[in-house]
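What follows is one structure encoded as structure tokens, with my remarks underneath.
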Amino acid sequence: MPGLAVAHGLRPGNPGPYIVSCQVIVLYGQLLHQPMNFLSQRLCIVAKLRFVGIALAGDSLAIQQALPVIETYSIRQVLVGETASAASAMKICVNYMTMAQLAMLGEVFTFAEKMQLDNSLVLNIVELFFSGNEAIKEYAGKIAKRNFDTAGFELAAGLKDACIFEKAFNSCDVIPSAILGAKHNLVTAQHIGLGKKDWSALTEISRMMAGL
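Numbering-wise (my numbering), the sequence shown opens with residue 811 and increments by one.
Okay, structure coming up:
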């Protein structure tokens, strides 16, 4: 593919943190003033208004030439190989882990509520467990407080991602067991009208199934 493509998905006024699935939408051929190899880029974790991590794959020279632009809106750049699809694969790995953790946290807080544990104490333990992972800690706070109205990443988009994960894993003969429950919750949540909520609202289905 001719030209150098750099993807970004920052939405003005959307503070995050959230997980982003990004498309190649901006061409920088004129900026670099020379023929370029194709650069595949996928965004991983976002905190506030600056990307924390970006997975990059493609020709190493093209990546180096694009870095001055990429570094203006990212804190860390991770080179994952020269095959363009490697960046997408890394994005799937990161978002898969996040989705699995969101579903798990919903089940933990639901169980704790049924057992009449102090919600704030459970949240403190979760934050200790995920020390250093600010995105997951932020989601844990949303789940603990059931604050799903501020959507960094909408539930409907999360359902789309779950289908992408399932297809990608199945194509490699890997059973995506960690997110099958999450997918079920996402489908149900979408059906009852939660599609515009933050995707962590998938945990509401755990509460419904538990009779809460």
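All C-beta atoms, glycine included, are put in the ideal place defined by N, C-alpha and C.
Using 8 Å as the threshold, is the region 956-970 in touch with the region 1007-1019, meaning 3 or more CB pairs across them? The region 956-970, when compared against the region 1007-1019, does touch it at the 8 Å Cβ threshold.
Under the assumption that LEU866 contacts ALA897 (Cβ atoms under 8 Å), give the Cβ distance between them as a whole number of angstroms. That pair is a contact at about 6 Å.
For ASP1008, three-class secondary structure by DSSP: In the displayed model, ASP1008 falls within a strand according to three-state DSSP.
Three-way DSSP call (helix, strand, coil) for LEU927 in this model: Per DSSP, reduced to three states, the secondary structure at LEU927 is coil, with no helix or strand assignment.
Bridge partners - GLU964, DSSP secondary structure assignment: Beta-bridge analysis with DSSP links GLU964 to ASP1008.
Quick one: grab the DSSP three-state call for GLU917. Under the three-state reduction of DSSP output, GLU917 falls in the helix class.
Tell me which residue opens and which closes the alpha helix (DSSP H) that LEU996 is part of. Counting along the chain, the alpha helix (DSSP H) containing LEU996 begins and ends at 987-1001.
If you draw a straight line from the alpha carbon of ALA978 to that of ALA913, how long is it in whole angstroms? One C-alpha to the other measures close to 20 Å.
With a threshold of 16 other CB atoms inside 10 Å of the CB of LEU938, please say whether the residue is buried or exposed. In summary, LEU938 is exposed, with fewer than 16 beta-carbon neighbours lying within 10 Å of its beta-carbon over all protein chains present.
Does the contact criterion of 3 or more C-beta pairs under 8 Å hold for the region 901-911 versus the region 984-1003? Counting Cβ pairs under 8 Å, three or more are found: they touch.
Taking the C-alpha atoms as reference points, what is the distance between ASN980 and GLU892? The alpha-carbon separation between ASN980 and GLU892 amounts to approximately 24 Å.
Would you please state the rounded distance, in angstroms, between the beta carbons of PHE940 and ALA950? I believe it to be under 8 Å. Contact check for PHE940 and ALA950: beta-carbon distance about 7 Å, within the 8 Å limit, so the pair qualifies.
Determine whether the beta carbon atoms of LEU996 and LEU965 lie at a separation below 9 Å. A Cβ-Cβ contact shorter than 9 Å links LEU996 with LEU965.
Check GLY951 in the structure and name its three-state DSSP category. If DSSP states are grouped into helix, strand and coil, GLY951 belongs with the helices.
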